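Worksheet: the structure to be examined is printed underneath.
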Amino acid sequence: MPSVRNTEVSIVIPTYNESENIQGILHMIKEHLPKNTTVEAIVVDDNSPDGTGKIAEDYFKSLKEKTRYTISVINRKTKEGLSSAILKGVEQAKGKIVIVMDSDFSHPPQLIPKLVDVLKQSKTDIVVASRYLNGGTIQGWSLKRKILSKIGTIIAKKGLGIKQSDPMSGFFAFNKDIIRGINFDAIGYKFLLEMIVKVKDASIKEIPYTFLDRQNGKSKLGIKTILEFTHAVWNLYRYGKNEQRNEKRASVRFMSKAARFFSVGAIGLGVNYLMSILFTSSLNMWYLHATILGIVFSIT
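The opening residue of the sequence shown carries number 30 in the working numbering; numbering runs sequentially from there.
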C-alpha cells in the first residue's frame, strides 16, 4: 500500500447498509479530487449486514492508481450511530482538512474541490454546504420531510443561538486542529451542530448546494433519529448554559483577584507614603533614604 504520510484531505463517510451506493460514491469522489491534493476516504461501517464494508475494501483493491487517492475501512462490530461513526473517522483522519459526507449521493462529490478551496482561500475554520442559503435547494423530498427538516433547523438555531442557515447539514469541511481538546458526546446524528456549539469563536462560511434525495437504499430517518436529535439539542443547550455560568464565575474570580491585588497595592503605597513623610519630617532624613525605608516597611 502506498504511503499516506502526505495526506492533505480526509473524507469521512459513515455507512450502514449502503451496498447499493458505496462503490459508486467512492468512484465519484475519485473522479472529483481537488487538484494536486492527496485524499483519503475513510468508510466507517456499522457492521452492515449487506456487506458495505467489504465492497468498499474490494473497490480499493481494484484501483490501479493509489498514490493520490486511498481508501480505508473501519468495520465496527455493532451499530453505534452516525455521530460516533463520524467521530471515529475523524480520529483516524490523517489530513489537516476533514470533509464529512453521506454515501447515498445526496451530497454531490463534485462540490468537494470547492469546499477545500473555500476553506483554504478564506482561511476559515468550517465550511458548510447549505441547503437553505440563497442558491441552495432540496430535491426529491416530500412536503412532510421538508417540514420536519425545517422545524429541526429552527429548533437548533433558536434553541442554541446559531446564526448559520443550515447547522443540521451533513456535508461540511473543517480544519482538524480546531477540535483538539473538545469532548464530543456523539449522541444523535448531527456532528456539525455539536462542533458549532463547542468550538469557541470558530469562523464559519456557508456555500449553497442542491441536496438530492437518495436514489437507492432506505432512509435512516425515523422516530429514533428524531428522539436522538431532541436529546442532542437538549444536551447542547445545557452545555451552553454551563459554559456561560463558568465564564461568569471566571469573570467574578478575576475581578475578585484584581480587587485584592489593587487593594494590597493601594495599602502598600499608603504605608510607603506615610513612612516616607514620617522619616523626612521627624528624623530629617534625606527623601531618597526615607523612600527606600518606606518601601521596606510597606512590603513587610
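By construction, the Cβ of each residue, glycine as well, lies at the ideal position given by its N, Cα and C atoms. Small disclaimer: the values here were computed from a predicted structure and weren't measured.
In the DSSP assignment, find the unbroken beta strand (DSSP E) run with residue i in it and report its ends.
i: Val72; result: 68-74
i: Tyr98; result: 98-104
i: Phe134; result: Here Phe134 belongs to no beta strand (DSSP E), and DSSP marks it neither H nor E.
i: Leu241; result: 239-241
Find the nearest neighbour of residue i within the set the options, judged by alpha-carbon distance.
i: Tyr161; options: Asn264, Asp195, Leu265; result: Asp195
i: Lys229; options: Asn35, Asp79, Ile208; result: Ile208
i: His136; options: Gly199, Lys117, Gly190; result: Gly199
i: Lys106; options: Val226, Ser77, Val262; result: Ser77
i: Asp133; options: Glu49, Thr36, Asn35, Leu222; result: Glu49
i: Glu60; options: Arg97, Lys187, Tyr45, Pro43; result: Arg97
i: Val226; options: Pro237, Phe213, Lys234, Asp74; result: Phe213
i: Ser232; options: Asp154, Val145, Tyr266, Leu55; result: Asp154
i: Ile191; options: Phe89, Thr66, Thr99, Leu265; result: Leu265
i: Trp170; options: Asn163, Gly164, Lys179; result: Lys179
i: Lys90; options: Thr66, Asp79, Leu111, Leu55; result: Leu55
i: Lys152; options: Phe203, Gly164, Ala158, Gly188; result: Phe203
i: Asn163; options: Pro237, Ile51, Tyr268; result: Pro237
Residue j and residue i - do their beta-carbons sit closer together than 8 Å?
i: Leu141; j: Gln121; result: Checking the displayed sequence, the identity of residue 141 turns out to be Ile instead of Leu. Going by C-beta atoms, Ile141 is not nearer than 8 Å to Gln121.
i: Ile71; j: Ser113; result: no
i: Ile183; j: Lys175; result: no
i: Gly118; j: Pro63; result: no
i: Leu124; j: Glu86; result: Sequence inspection shows Gly at residue 124; the Leu mentioned does not correspond to that position. Contact flag unset, no.
i: Asn129; j: Phe240; result: Correcting the residue identity first, residue 129 is Val in this sequence and not Asn. No. Outside cutoff.
i: Met197; j: Gly210; result: no
For the alpha helix (DSSP H) that residue i lies in, which residues bound it at each end?
i: Lys227; result: 220-227
i: Thr62; result: Residue identity differs from the one stated: residue 62 is Leu in this sequence, not Thr. Where Leu62 is concerned, there is no enclosing alpha helix (DSSP H), given that its DSSP letter is neither H nor E.
i: Gly110; result: Taken as a continuous stretch (DSSP letters only), Gly110 belongs to no alpha helix (DSSP H), as it is neither H nor E.
i: Lys83; result: 81-91
When DSSP labels each residue in this structure, what does residue i get in the three-state scheme?
i: Leu140; result: helix
i: Glu120; result: helix
i: Ser232; result: coil
i: Thr36; result: coil
i: Ser48; result: coil
i: Ile42; result: strand
i: Thr259; result: helix
i: Leu162; result: coil
i: Phe200; result: coil
i: Ile211; result: coil
i: Ile128; result: strand
i: Gln193; result: coil
i: Val150; result: The residue asked about is misnamed: residue 150 is Gln in this sequence, not Val. Correct three-state label for Gln150: helix.
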